[in-house]
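From first to last, the protein sequence lines stand for chains A, B and C.
In terms of the numbering used here, the first sequence is residues 4 to 354.
In terms of the numbering used here, the second sequence is residues 23 to 348.
In terms of the numbering used here, the third sequence is residues 2 to 326.
Notes for the one structure printed next.
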Amino acid sequence: MSAPETTLAAPPAVPAGDKWRRINMAAGLGVAASLAVLLTADGAALLPARVVLLAGLVMLAAGLLRGRERKFFSGPSAYVATASLFLLAVLAIFATEISPQNPYDLRQLDIMDGRQPPGSTNFDGSMTYHLGTDEQGRDILSGILYGLRVSLSVSIFATLAAMAIGVVVGIYAAWAGGRTDAILMRIVDFQLSFPSILVALMLMAAFGRGLDKIVIALIIVQWAYYARTVRGNALSEARKEYIDAARGLGLPAWRIVFGHLLPNCIPPLIVISTVQVANTIVLESSLSFLGVGVPITQPSLGLLIANGYGYMLSGQYWMSMYPGVALLAIVASINMVGDRLRDTLNPRLSR
Amino acid sequence: MSVLDVRDLQTHFFTDAGVVKAVDGVSFTLGEGEVLGLVGESGSGKSVTGFSILRLVDPPGRVVGGQILFRGQDLAQLSDREMRGLRGNRIAMIFQDPMMTLNPVLRIETQMVEAVRAHERVSAAAARDRAVKALAKVGIPSPEERLEAYPHQFSGGMRQRVAIAIALLNGPDLIVADEPTTALDVTIQSQILAEVQELARETGTALIWITHDLAVVAGLADRISVMYAGRIVESGPTDAVLTAPGHPYTEGLLGSIPGHGRRGERLTQIPGMAPDMTRLPEGCAFAPRCPRTSDTCRITAPGITEIGPGRGLRCHHPSLAEEGTA
Amino acid sequence: MLVFLLRRLAQSVFVLIAMMIVVFFGVYMIGNPVDILISPDATPAEIDETMARFGFDQPVYIQFLKFIGNALQGDLGRSFVHGEPAVQLILSYMPATLELAVMGLLFSVLIGVPLGVYAGYKADRWQGRAIMTGSIFGFSLPNFWVGMLLILIFAVELQWLPSTGRGETVEVLGLRLSIFTADGLQHMLLPALTLALYKASLVTRLARAGTQEALVQDYVKFARAKGLSETRILVVHVLKNIMIPIITVLGLELGSMIAFAVVTETVFAWPGMGKLLIDSILTLDRPVIVSYLMLTVIIFIVINFTVDVIYTLLDPRVRVKGGTA
C-alpha cells in the first residue's frame with residue numbers, strides 16, 4: 004500500500020455527535036456513581052442515587068437509539084415492550100420505596116400471616132396483601148419487587164462482567180493469533196459444547212448457594228460466547244484497511260486495539276448482551292428453582308416460584324403464579340426490545 | 023382466433039425508490055403455433071412481460087393495466103385456482119438458469135410426476151410414463167434411469183432439457199421461454215434451439231422466446247418484437263425487421279452482431295448504458311443514446327406508427343428502407 | 002468423508018479426555034469429600050482411615066491416574082446414597098430422560114415447523130408477525146413455570162392428565178419405556194410439551210427464515226409455473242429444503258434437551274437422570290454427579306457424530322460428493 008493512501012484511510016468515525024458523546028459519558032458516569040453509592044452507603048443517600056441511576060439508564064438508552072427511534076418503534080409491540088421494560092426497571096430500582104414490606108427482613112414477617120390468599124389483610128388490618136403471602140407470611144408483591152431487583156441486578160452484572168472478560172480474551176486471541184489464538188479458541192469451543200444450564204448447575208453444586216457465587220457461575224458460563232463473537236469481529240475488523248493504515252502510521256499496539264479495534268467490535272455486542280440478559284435471568288431463576296441459586300434469605304423470582312410450587316397442587320396458586328408472571332414480563336420485554344434492537348442497530352444479524 | 027392477445031399491458035414495481043414501470047403499454051398477438059421473439063437488453067421489461075402472462079410477478083410488482091387474453095379469455099379475471107389450472111397445463115414456462123429452476127432435493131421423477139398430476143387425475147404410473155416420453159423427446163438418453171436422479175447429477179444443458187420436458191408434459195398451447203439458452207454453452211445452445219423449434223412445429227405450440235440476443239431468434243422466430251425501457255419499440259416479421267430495421271435501437275442491436283458477409287466491417291455498439299428505470303427521460307426513453315435524437319424526441323414520446331404489413335414502430339425519425347442507403 | 006469422520010472421532014476423544022480432567026479436578030478437588038462421608042464428630046484416626054480407604058491420602062496425580070484407570074473400565078465409583086455403582090444407576094434412569102427428550106424434540110418440530118413455514122409464507126402479514134411475537138414469548142417463558150401452570154390447568158383444575166411421575170412402563174429391548182403404553186403417554190404429554198416449548202420457538206424462527214429464503218428461489222417460481230398448489234409448494238418443495246438445516250440444529254439440540262430435562266424432570270417428578278442429578282447435587286453424591294457428567298459427554302459426542310451422518314444422508318448433494326471421494 005502506498006504512503007498517501009495510508010494517511011488518507013481514517014478509521015470509520017464512531018457515529019456520535021460531540022454533544023451526544025458527552026451526554027453518554029455523563030450518563031455512564033452517573034450510573035456508575037449511583038451504583039457505587041447503592042452498594043456501599045445506606046440511609047438518605049439511597050433515594051437520590053436511585054433517581055440518578057434511572058435517569059442515567061434512560062439517557063444511555065436514548066443515546067443508543069438516537070436518530071433511529073422511528074425504525075425502533077415500528078409496530079405496537081415495540082411500544083408495549085419498552086413501556087413494560089421501563090415500568091419493571093422503575094419497580095426494581097425503587098423496590099425499597101414502593102413495596103409495602105421488606106421481604107428480606109425476617110422480623111417483619113409473621114408466620115401467622117402465612118399462605119393468605121390475594122386481597123387478605125394482616126391481623127390488625129394495617130396491611131393488605133394484594134397478591135397474597137407465602138408460607139412464611141411474606142407479602143408476595145414485596146417479594147416480587149425485591150426478587151425482580153435481585154434477578155435483574157444479578158443478570159445484568161453477570162452479563163456485563165462476562166462481556167468484559169470475553170472482549171479482553173477475544174481481542175487478545177485475535178491480536179495474538181497463532182498458537183495463543185488456537186488454544187484460547189479450543190477452550191472456548193470446549194466450554195460452548197455444553198449447555199449453559201449444565202455447566203452452571205455443576206458450578207453451583209461445587210460452590211454452594213449464594214448471590215456472589217451465582218454471579219460467578221453466570222459469568223463463567225457466558226464469557227466464552229462473547230470471546231468467540233468478539234474474536235470473529237476483531238479478526239474481520241483487523242483485515243480492514245484502516246487498521247493497516249494505523250499500523251502504517253506507527254501507532255502503538257495498545258492504541259490500535261483500544262482506539263480502533265475495540266470501538267468497532269462493541270456495537271454488535273450490545274444487541275447480543277440485551278438478549279443475553281434475558282437468557283441469564285431465566286438461567287438464574289432455573290438454578291434458584293432447582294435449589295442451587297440465590298440464598299433462601301434473599302429470594303429471586305425463581306426461588307419464590309419454587310417456594311410456592313408445593314402449594315400449587317392444593318390450589319394455593321398465587322405463591323408461584325404471580326412471581327412467574329413478573330418473570331415472564333421482564334424476560335419477554337427484554338427479548339422483545341432486543342429483537343427490535345437487532346433489527347434497528349444491526350440488520351446484518353436479523354433472521 | 024389468436025392464442026394470446028396482449029393489449030396495453032402495464033406492470034409496475036412499487037419500490038422504495040419510486041414506481042418502476044417495468045412494462046409500460048406492451049401489446050402483441052400470437053397465433054397458433056407462432057413463434058415470437060421478444061428481444062431487449064436486461065431491464066427492458068421482457069422477462070416481466072413473460073411473468074405477467076403467467077401472473078407470476080413477485081411483489082412489489084403488480085400488473086396495473088391492460089389485458090392479457092388467452093384464447094379470448096382475460097387472464098386477470100380468472101380466480102387464483104383457475105389460473106393455477108392454466109399454468110403448466112395450457113401455458114408453460116421455461117426459466118433462464120437451469121441450475122436454479124429444479125428443486126435440488128427432489129428427484130426428477132417427483133418434479134415431473136407432480137406437474138402432470140397437478141392438472142390431471144392420472145395414476146402415478148401413467149404420469150411417470152408420460153415423463154419418460156417427454157424426457158426421451160428432448161433427447162435425454164436412458165430416461166427411465168434418469169428419472170431417479172437428482173438435479174445435481176445433470177449438466178446444465180441436460181437440466182434445461184429436463185425443464186423443457188416439464189414444460190411439454192401437458193402439451194401446452196403456449197410456452198413462454200425466458201432466455202432459456204443464455205446460461206448454456208454455445209454448442210448446447212444451438213442444439214436446444216433446433217430441438218425446441220422442431221418440437222414447437224411438431225406440436226403446434228405457440229412460443230414466446232425472450233432473449234437479449236437477436237441472433238438467437240433470427241432463425242427461430244416468425245415475428246420479432248424489440249423492447250426498450252418497458253415498451254415495444256419495433257415489431258414485425260423476422261425477415262423484415264432484420265433486413266430493414268426502422269428503429270435506431272434495433273439497428274444498434276443488429277450492428278453489434280458479427281455475421282456472414284460482414285467480415286471487415288466494423289461492429290457498431292449502442293453508446294451509453296441501459297436506462298435507470300426509476301428516472302426515465304421525459305420524451306423518448308432511447309433519446310439519450312440515440313444517434314438521430316432531436317428536440318422533439320426529448321419532449322414527446324413517440325407513438326406507434328404502422329410502417330408496413332404487420333410492422334409497428336415507435337420513433338420520430340425512423341430509418342425507412344428507402345433511405346437506408348442514404 | 003471417511004477422513005472427515007475420523008477427524009471428528011479424534012476430536013471427540015480429545016473432548017472426552019479434557020472432560021475427564023475437568024471433572025476430576027473440578028468435582029474431586031473442590032472441598033473434601035470426607036466431610037460428607039463421615040460424621041462431623043469423627044476422630045482424626047477415623048478420618049485418616051476413611052481417607053486411606055478412598056485413596057485420598059495419595060498424591061493428586063496418583064489419584065488422577067486411578068480415576069482414569071477406573072473410568073476406562075466403566076467404573077466411576079459407587080453412589081453414596083443408593084449404594085449401587087453410579088454408572089449403572091444412571092443407566093437405569095437414562096431411558097426415561099431419553100424418551101422425554103426425544104418426545105420433546107418431536108413436539109418442537111411438530112409445533113415449530115408448521116408455524117414457522119406459515120410465518121415465513123405470511124411474513125409481512127399480521128399472521129406472520131403474530132407468530133413471531135408469539136415465539137418471543139415462547140423462549141421467554143421460564144420452563145419450570147410453564148410446567149407448573151400446565152399441571153395447575155390440566156392436572157389440578159381440569160383433571161385431564163396426571164401431574165407427576167412416569168406412569169406405566171413396558172420393557173422394550175431391555176429398556177423400560179413409557180411411550181408404548183397409553184398411561185405412560187398421558188404422563189409424558191405435559192413434561193414433553195414443557196420441554197418442547199423453548200425449542201419450538203427456536204424451530205419456528207429457523208423455519209420462518211428458511212421459508213422466506215426458499216420462497217424467492219427460482220425453483221419455487223418454477224413450481225408455481227408448473228401450476229402446483231401453494232400447499233404442495235410449501236409442504237413438498239419448501240419443507241424438504243428447510244428440513245436439512247433444521248434437523249442439523251435439532252440434532253445438536255438433543256444434547257441441550259437432555260440438559261434442560263433437569264428442570265422439567267424436577268417439576269414433574271419424572272424419574273429420569275436429570276432428577277437423579279439434582280437429588281445427587283443436593284445430597285452431594287459425587288460419584289453420581291461425575292458419572293452423569295461423563296455419560297452426558299459421551300451422549301453429546303454420539304449425538305454430534307450421528308448428526309453429521311444424518312446430514313450427509315439427507316442432502317443428496319453432500320451424499321454424492323462423499324460417494325465419489
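C-beta: ideal position from N, C-alpha, C; glycine also.
Treat the numbers as computed from the prediction; the structure is a model and nothing was measured.
Counting only beta-carbon atoms, is residue 4 of chain C nearer than 8 Å to chain A?
By 1-based counting over the third sequence, the position of residue 4 of chain C is 3. Output row for residue 4 of chain C: interface = no.
Hey, quick one: how far does the alpha helix (DSSP H) through residue 1 of chain A stretch, first residue to last?
Limits of chain A in this structure are 4 at one end and 354 at the other, which puts residue 1 of chain A out of reach.
Identify the contact partners of residue 298 of chain A in chain C, using a Cβ-Cβ distance below 7 Å as the criterion.
What you label residue 298 of chain A is simply residue 295 of the first sequence in a count that begins at 1. Within 7 Å Cβ-Cβ: nothing; residue 298 of chain A doesn't reach chain C, min ~15 Å.
So for residue 45 of chain B, helix, strand or coil by DSSP?
By one-based count along the second sequence, residue 45 of chain B stands at place 23. Of the three classes helix, strand and coil, the one that applies to residue 45 of chain B here is strand, per DSSP.
So which residues of chain C does residue 312 of chain A contact, with C-beta pairs closer than 7 Å?
By one-based count along the first sequence, residue 312 of chain A stands at place 309. Residues of chain C passing the Cβ test: 149.
Can you give the Cα-Cα distance for residue 243 of chain A and residue 262 of chain A, rounded to whole angstroms?
As a first step, residue 243 of chain A must be located in the first sequence, where it is residue number 240. As a first step, residue 262 of chain A must be located in the first sequence, where it is residue number 259. Their backbone Cα atoms lie some 15 Å apart in a straight line.
Proximity of residue 191 of chain B and residue 152 of chain B at Cβ, strictly below 8 Å:
Locating residue 191 of chain B in the second sequence gives position 169, where the first residue counts as 1. Locating residue 152 of chain B in the second sequence gives position 130, where the first residue counts as 1. Yes, they are a contact pair.
C-alpha gap between residue 271 of chain C and residue 50 of chain C, whole angstroms:
The sequence position of residue 271 of chain C within the third sequence is 270, counting from 1. The sequence position of residue 50 of chain C within the third sequence is 49, counting from 1. Going by the C-alpha atoms only, they are around 39 Å apart.
Closer than 8 Å at the beta carbon, the chain C residues around residue 281 of chain A
Residue 281 of chain A sits at position 278 when you count from the first residue of the first sequence. The answer, in chain order, is 141.
What residues of chain C sit near residue 204 of chain A, judged by a beta carbon separation below 9 Å?
For this step, residue 204 of chain A is matched to residue 201 along the first sequence. Residues of chain C passing the Cβ test: 260, 263, 278, 279 and 282.
Where do the N-terminal and C-terminal ends of the alpha helix (DSSP H) with residue 169 of chain A fall, by residue?
What you label residue 169 of chain A is simply residue 166 of the first sequence in a count that begins at 1. Residue 169 of chain A -> alpha helix (DSSP H) spans 143 to 179.
State the Cα-Cα distance for the pair residue 107 of chain C and residue 246 of chain C, rounded to the nearest angstrom.
In the third sequence, the residue the question calls residue 107 of chain C occupies position 106. In the third sequence, the residue the question calls residue 246 of chain C occupies position 245. Roughly 16 Å between the two C-alpha positions.
Near residue 224 of chain C, what residues of its chain come up, given a Cβ to Cβ distance below 7 Å and the 5 sequence neighbours on each side ignored?
Numbered from its first residue, the third sequence carries residue 224 of chain C at position 223. Here the set comprises 234 and 238.
Take residue 31 of chain B and list the residues in its own chain whose beta-carbon comes closer than 8 Å to its own, dropping the five residues that flank it on each side.
Mapped onto the second sequence, residue 31 of chain B falls at position 9. Closer than 8 Å at Cβ, skipping near neighbours: 45, 47, 48, 49, 71, 74, 85, 87, 88, 89 and 90.
Going along chain B in order, which residues have a C-beta closer than 9 Å to the C-beta of residue 251 of chain C?
Along the third sequence, one-based indexing puts residue 251 of chain C at 250. Simply none; closest approach about 17 Å.
For residue 199 of chain B, which residues of its own chain have a beta-carbon under 6 Å away from its beta-carbon, when the five flanking residues on both sides are left out?
Taking the first residue of the second sequence as 1, we reach residue 199 of chain B at position 177. These residues qualify, in order along the chain: 116 and 231.
Best match in A/215, A/162, A/133 and A/229 for proximity to residue 172 of chain A [C-alpha to C-alpha]
As a working mapping, residue 172 of chain A is identified with position 169 in the first sequence. When only C-alpha atoms are compared, the closest one is A/229.
Out of curiosity, what's the CA-to-CA distance linking residue 93 of chain A and residue 118 of chain A?
As a first step, residue 93 of chain A is located in the first sequence; it is residue number 90 there, counting from the start. As a first step, residue 118 of chain A is located in the first sequence; it is residue number 115 there, counting from the start. For residue 93 of chain A and residue 118 of chain A, the distance between alpha carbons rounds to 28 Å.
So residue 153 of chain C contacts chain A; which residues on that side make the cut at Cβ distance below 7 Å?
Walking along the third sequence from the start, residue 153 of chain C turns up at place 152. Correct list: 315 and 320.
Chain B residues whose Cβ lies nearer than 9 Å to that of residue 233 of chain C:
Residue 233 of chain C sits at position 232 when you count from the first residue of the third sequence. The contact set of residue 233 of chain C on chain B, defined by CB atoms closer than 9 Å, consists of 136 and 140 in chain order.
Apply the 10 Å Cβ neighbour rule to residue 290 of chain C and answer buried if 16 or more other Cβ atoms are within range, or exposed otherwise.
Taking the third sequence and counting its residues from 1, the one referred to as residue 290 of chain C is at position 289. Buried is the call here.
Could you name the residues of the region 93 to 111 of chain B whose beta carbon sits closer than 9 Å to any beta carbon of chain C, in the order they occur along the chain?
102, 103, 105, 106, 107, 108, 109, 110 and 111
Counting only Cβ pairs nearer than 7 Å, list the residues of chain A close to residue 256 of chain C.
On the third sequence, position 255 is the one that residue 256 of chain C refers to. The answer, in chain order, is 198.
Taking Cβ positions only, does residue 57 of chain A come closer than 8 Å to chain C?
Here residue 57 of chain A is taken as the residue at index 54 of the first sequence, counted from 1. Residue 57 of chain A does not count as touching chain C.
Buried/exposed call for residue 90 of chain A, threshold 16 Cβ in 10 Å:
Position 87 of the first sequence, counting from 1, holds the residue named residue 90 of chain A. Exposed.
In terms of residues, what are the limits of the alpha helix (DSSP H) holding residue 270 of chain B?
Indexing the second sequence from 1 puts residue 270 of chain B at position 248. It spans 270 to 277 - the alpha helix (DSSP H) in which residue 270 of chain B sits, taken as one unbroken run.
Would residue 45 of chain C be called buried (16 or more neighbouring beta carbons within 10 Å of its own) or exposed?
Position 44 of the third sequence, counted from the start, is the residue given in the question as residue 45 of chain C. Flag for residue 45 of chain C reads exposed.
Compare the beta carbon distance of residue 152 of chain C and residue 315 of chain A with 8 Å and say whether it is the shorter of the two.
One-based indexing of the third sequence puts residue 152 of chain C at position 151. One-based indexing of the first sequence puts residue 315 of chain A at position 312. Cβ atoms of residue 152 of chain C and residue 315 of chain A: closer than 8 Å.
Could you check which residue in B/112, B/37 and B/35 has the C-alpha nearest to that of residue 227 of chain C?
Counting from one through the third sequence, the residue named residue 227 of chain C turns up at place 226. Looking at the Cα atoms, B/112 is the closest of the given residues.
Whose C-beta lies closer than 8 Å to the C-beta of residue 207 of chain C among residues of the same chain, with five residues either side of it excluded?
Counting from one through the third sequence, the residue named residue 207 of chain C turns up at place 206. Hits under 8 Å: 113, 117, 243, 246, 247 and 250.
Does the contact criterion of 3 or more C-beta pairs under 8 Å hold for the region 60 to 72 of chain A versus the region 26 to 34 of chain A?
With a cut-off of 8 Å on Cβ pairs, the region 60 to 72 of chain A is in contact with the region 26 to 34 of chain A, counting three or more such pairs.
If we count Cβ pairs, one from each stretch, closer than 8 Å, do we get three or more for the region 298 to 316 of chain B versus the region 91 to 103 of chain B?
no
Anything in chain A within Cβ reach of residue 170 of chain C, meaning under 9 Å, just list it in chain order.
One-based indexing of the third sequence puts residue 170 of chain C at position 169. What residue 170 of chain C touches in chain A: nothing, since even the nearest Cβ is about 23 Å away.
Between residue 144 of chain C and chain B, is any beta-carbon pair separated by less than 8 Å?
Indexing the third sequence from 1 puts residue 144 of chain C at position 143. Closer than 8 Å: no.
For residue 228 of chain B, which three-state DSSP category applies?
Mapped onto the second sequence, residue 228 of chain B falls at position 206. Correct three-state label for residue 228 of chain B: strand.
From the DSSP output, which residues share a beta bridge with residue 247 of chain B?
Translated into the one-based positions of the second sequence, residue 247 of chain B becomes position 225. The partner list for residue 247 of chain B (beta bridge, DSSP) reads B/60 and B/257.
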